[in-house]
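Only one structure is covered here, and it is reproduced in the block below.
There are 2 protein chains.
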Amino acid sequence: MKAEWKKQFNRFNKRMTPCRQAIIDIFEEKRKHLSAEEVYILLRKKRRKVGMATVYRNLDLLSQMGLLHRLNFGDGKEHYEMARISPAKHHHHLVCTRCGKAVDYSELVGEEHEFLNRLEKKLGDKYDFSIQSHQIYFYGLCKDCR
Amino acid sequence: MKAEWKKQFNRFNKRMTPCRQAIIDIFEEKRKHLSAEEVYILLRKKRRKVGMATVYRNLDLLSQMGLLHRLNFGDGKEHYEMARISPAKHHHHLVCTRCGKAVDYSELVGEEHEFLNRLEKKLGDKYDFSIQSHQIYFYGLCKDCR
DNA sequence: GAAAATTTTGAGAATGATTATCAATATCTA
DNA sequence: TAGATATTGATAATCATTCTCAAAATTTTC
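Line by line, the protein sequences give chains A and B.
Quick note: the first sequence, position 24, residue 24 per our numbering, numbers continuous.
If you want our numbering, it's the position in the second sequence, counting the first as 1, plus 146.
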């Protein structure tokens, strides 16, 4: 797993550093979406002194490398999550437009996946895009905000 | 059409003002997604002096009222578009992760719509959310950025 | 229709997330 | 090991968005 990533880093002319490893570890442990600040705090809890700028830089890098997905829940900050913890856990998000809470769902993803693959192929061809990922967001009000 | 909106404004204890009308007009004319700044500039071109804060306030209000949809293309700013120019024109977006360009697509939306409705119902029940809208984003690299 | 109540607006200050700068370190390569 | 390249940290800078508050506009009430 790590060897594969290392290759991926090399391909981007980037190096696998302790700091980057620590960030990846955090996402593997938490297995949920985290904001830059949350990552920063979790790193400090582990007694790893990493500057905020470095956190941002690396979240950006890891996203560009396809290791993380960047999410936006409309709360003014970006969130990140592991792109592929496991193909079986593929999921999307339900976002409360009042409190900003975001819930993962993975209902019907099998069916969804088939459909989206077909769509992705069609769109990639038609608009000359090399599509790398997708996100579906459902917006509404959660129980507490109604 | 306007009468209906007026009712909608009353329901929210809000007033239909010239400024709000002007913003709605812009979206009807342009028929595409616009950032707050773009709306601001378009208003000035029409010789309507509207403060930036007011533009933001109203874009927010119109979004909450369901008249506009808020979009995020990962370029650090929010974008807005008419929620329903016409049901037939329902569409989603293809976003280039390098240059930020966003293309509308409406391929397979019929089929998509049916599927999403079913999913929406299921999710709303399971997670106790009153779902109001959804967005699908495909991310990748456009022709020019590859 | 005039006064009172409520909402909206504008200008600029404030906020807060993210990015840029740049010198010091760390890592890789020849 | 030397030289080249990439990374980091601290802090300043940026930029979209929100807040503040007094003035203006609109609606409601009498």
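Think of the CB as a built atom: it goes at the ideal place given N, C-alpha and C, for glycine as much as any other residue.
Residues of the segment 107-133 of chain A in Cβ contact with chain B at a cutoff of 9 Å, in chain order, please.
Within the segment 107-133 of chain A, the qualifying residues are 107, 108, 111, 112, 115, 116, 118, 119, 120, 122, 123, 124, 126, 127, 128, 129, 130, 131, 132 and 133.
Do the segment 193-211 of chain B and the segment 255-263 of chain B touch if we need at least three Cβ pairs shorter than 8 Å?
Taking 8 Å as the limit for Cβ pairs, the verdict is that the segment 255-263 of chain B does not touch the segment 193-211 of chain B.
Going along chain A, which residues have a C-beta under 7 Å from residue 281 (chain B)?
For residue 281 (chain B), the chain A residues whose C-beta falls within less than 7 Å of its own C-beta are 137, listed in chain order.
Just the Cα atoms here: how many angstroms apart are residue 19 (chain A) and residue 44 (chain A)?
Approximately 12 Å between the Cα atoms of the pair.
Might you give, ordered along the chain, the residues of its own chain that have their beta carbon closer than 7 Å to the beta carbon of residue 158 (chain B), omitting 5 neighbours on each side?
Leaving aside the five residues that flank residue 158 (chain B) on each side, the residues in its chain whose CB is nearer than 7 Å to its CB run, in chain order, 211.
Consult DSSP for residue 279 (chain B) and reduce its assignment to one of helix, strand or coil.
Strand at residue 279 (chain B).
Rounded straight-line distance, which links the Cα of residue 196 (chain B) to that of residue 84 (chain A)
Each residue's Cα considered, the two are about 46 Å apart.
Under 8 Å between beta-carbons, which chain B residues line up against residue 94 (chain A)? List them in chain order, please.
For residue 94 (chain A), the residues of chain B that pass the 8 Å Cβ criterion are 269, 273, 275 and 277, in the order they occur in the chain.
Determine the burial state of residue 183 (chain B): buried for a count of at least 16 other Cβ atoms within 10 Å of its Cβ, exposed for fewer.
Classification for residue 183 (chain B): exposed.
Just checking: is the beta-carbon of residue 234 (chain A) within a distance shorter than 8 Å of some beta-carbon in chain B?
Lying outside 1 to 146, the shown extent of chain A, residue 234 (chain A) is not represented and no answer is given.
Contacts that residue 70 (chain A) makes with chain B (C-beta to C-beta distance below 9 Å):
Residues of chain B passing the Cβ test: 220, 243 and 285.
In the DSSP assignment, what are the bridge partners of residue 239 (chain B)?
The partner list for residue 239 (chain B) (beta bridge, DSSP) reads B:250 and B:283.
Can you find a CB in chain B that lies within less than 8 Å of the CB of residue 143 (chain A)?
So yes, residue 143 (chain A) belongs to the interface.
For residue 82 (chain A), count the other beta carbons within 10 Å of its own beta carbon; 16 or more makes it buried, fewer makes it exposed. Which is it?
Buried is the call here.
From the DSSP output, in three-state form, read off residue 228 (chain B) for me.
Here residue 228 (chain B) carries a strand assignment [DSSP, helix/strand/coil].
Tell me where the beta strand (DSSP E) around residue 217 (chain B) begins and ends.
Residue range 214-218 is occupied by the beta strand (DSSP E) that includes residue 217 (chain B).
Residue 293 (chain B) CB to nearest chain A CB: under 8 Å?
A question about residue 293 (chain B) goes unanswered here, because the residues of chain B that appear run from 147 up to 292.
Is the segment 213-226 of chain B in contact with the segment 159-179 of chain B, if contact means three or more CB pairs nearer than 8 Å?
In short, these stretches touch, since the Cβ pair count reaches three.
Quick one: is residue 292 (chain B) near chain A, going by C-beta distance under 8 Å?
Chain A contact via Cβ: present.
Suppose you measure from the CA of residue 277 (chain B) to the CA of residue 10 (chain A); what does that come to, to the nearest Å?
Inter-residue distance for residue 277 (chain B) and residue 10 (chain A) is about 43 Å (C-alpha atoms, whole angstroms).
Assigned exposure category for residue 140 (chain A) - 16 Cβ within 10 Å defines buried
Residue 140 (chain A) is buried by the Cβ-count criterion.
Work out the CA separation of residue 94 (chain A) and residue 122 (chain A) for me, nearest whole Å.
For residue 122 (chain A) and residue 94 (chain A), the distance between alpha carbons rounds to 26 Å.
The alpha helix (DSSP H) that contains residue 198 (chain B), what's its start and end?
Its alpha helix (DSSP H) spans residues 198-210.
My assumption, with CB atoms under 8 Å, is that residue 273 (chain B) sits in contact with residue 103 (chain A). Please give the rounded CB distance.
Confirmed, about 6 Å.
Residues near residue 160 (chain B) by beta carbon distance below 7 Å, same chain, minus five either side
Cβ neighbours of residue 160 (chain B) beyond the five flanking positions: 207.
Spatial distance of residue 266 (chain B) from residue 217 (chain B) (CA atoms):
Cα to Cα, residue 266 (chain B) sits roughly 19 Å from residue 217 (chain B).
Chain-order list of residues whose beta-carbon lies under 8 Å from that of residue 133 (chain A) (same chain, five-residue window excluded):
66, 69 and 83, listed in sequence order.
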